[in-house]
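Q: Got a structure for you, questions after.
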Amino acid sequence: MKREILFRGKRADNGEWIYGYLIGNNVIVGEVVDFDDDYFNTQFWYKVDPETVCQFTGLSDKNGTKVFEGDIIKAPSGRLYVVIWSTWIHDEKRNKFLTDRYEFTGWCISKDGINPRDTLDCETLKGEVIGNIYDNPELIK
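The opening position of the sequence shown corresponds to residue 1 in the UniProt record's numbering, with each subsequent residue numbered one higher.
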């Protein structure tokens, strides 16, 4: 199985978003790096604010926009959700004797960016990314 592993973070020097590979906590390599035994090019290494580092979910919204952790999605219902990586515990009481309970760790949606509400599902992805918690925090207040 091949999947795209991609990160983004805001540059520490100018706040611009950089997309690429994560090297440590606060460095993203923005483009292919040339190297051999004698030479290693760090020209496209960017220091980023570690608080803004987000991973690509491997999923896209209805417009084909890549969905990253921290993105705010407007679902078809009009509700706004934040994409987070979390453990979500589902409890559903069937009757007074039986409760379905399962635990899920993965990409979830949240109203506040902290507490998981549900899994990131196909219905939510029929919506669109309208911002993120770093550039548009007012959207989730």
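Glycine included, every Cβ here is placed at the ideal spot set by N, Cα and C.
Since the model is a prediction, treat every value here as computed from it, not as a measurement.
So what does DSSP say about residue 50, is it helix, strand or coil?
A: If DSSP states are grouped into helix, strand and coil, residue 50 belongs with the helices.
Q: Taking just the CA atoms, how far does residue 89 sit from residue 10?
A: Cα-Cα distance, rounded: 32 Å.
Q: Does DSSP put residue 138 in a helix, in a strand, or in coil?
A: DSSP places residue 138 in helix when its eight states are reduced to three.
Q: Out of 126, 59, 91, which one is the CA nearest neighbour of residue 78?
A: Closest option to residue 78, Cα to Cα, is 126.
Q: Using CA atoms only, rank isn't needed, just tell me which of 81, 122, 27 is closest to residue 130.
A: Among 81, 122, 27, the Cα nearest to that of residue 130 belongs to 81.
Q: Looking only at DSSP bridge pairs, what is residue 55 linked to?
A: According to DSSP, which records beta bridges pairwise, residue 55 is partnered with 7.
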